[in-house]
Amino acid sequence: MEHVIFRIARQEDLVKIVDIYNSTIPSRIVTADTEPVSVESRQGWFEAHQPEKHPLWVMENDENEIIGWASYQPFYGRPAYAATAEISIYLAESARGKGLGKQTLLFCIEKAPEYGIKTLLGFIFEHNKSSMTLFENSGFTLWGKLPRIALLDGQEYNLCILGKRLL
């Protein structure tokens, strides 16, 4: 497994974060976006990831290249859900299929208590078999399914909510 370093994302990383995100759009299995997003359109999202509560990390390889990112996002935005976070993981094409998703997910699970997070959620398309398997193999279970909620290229897809209680 490739050695990676996790660090809090900096403003200058946003271009690469967006590049990695955009690289997943054509597959139609990772995100509900259907067109590339711009760096400008993601600025508010970037700023909302406060390092003390909902961090956004980048993963760097031994050459200091950003090869992925992960984040916690608030769930539903209400105070009663403050200890619950949605987790997102995105890898550059060159980093996929090398066990880095598992390494990143385990890192995020391990770090969650430091941020007061007791429950992690993953929102994953049901047809994204690799991500479904990754989360299930890390102890997440199916907590809900939103049938035929996403329309991509004229085809409807299910969105699964996978959850893991940590404490």
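Its first residue numbered 1, the sequence shown is counted upward by one per residue in our numbering. Glycine included, each C-beta is placed from N, C-alpha and C at the ideal position.
In the displayed model, residue 46 falls within a helix according to three-state DSSP. In the three-state reduction of the DSSP assignment, residue 4 falls in the coil class. Between residue 156 and residue 26, the alpha-carbon positions lie close to 16 Å from each other.
Looking from the CA of residue 143, the closest CA among 164, 24, 131, 12 belongs to 164. Taking 8 Å as the upper bound for CB-CB distance, residue 162 and residue 135 are in contact here, some 5 Å apart. Per DSSP, the continuous alpha helix (DSSP H) segment holding residue 135 begins and ends at 129-137. Considered as a whole, the segment 23-74 harbours 56-60, 66-74 as its complete beta strand (DSSP E) runs of no fewer than 3 residues, in chain order. Secondary structure of residue 150 (DSSP, three-state): strand.
By the CB criterion at 9 Å, residue 166 and residue 113 fall inside the cutoff. Under the DSSP assignment, residue 103 falls outside any beta strand (DSSP E), being part of the alpha helix (DSSP H) whose first and last residues are 100-111. Distance from the CA of residue 52 to the CA of residue 130, rounded to the nearest whole angstrom, comes to 30 Å. With fewer than 16 other CB atoms across the displayed protein chains lying within 10 angstroms of its CB, residue 8 is exposed.
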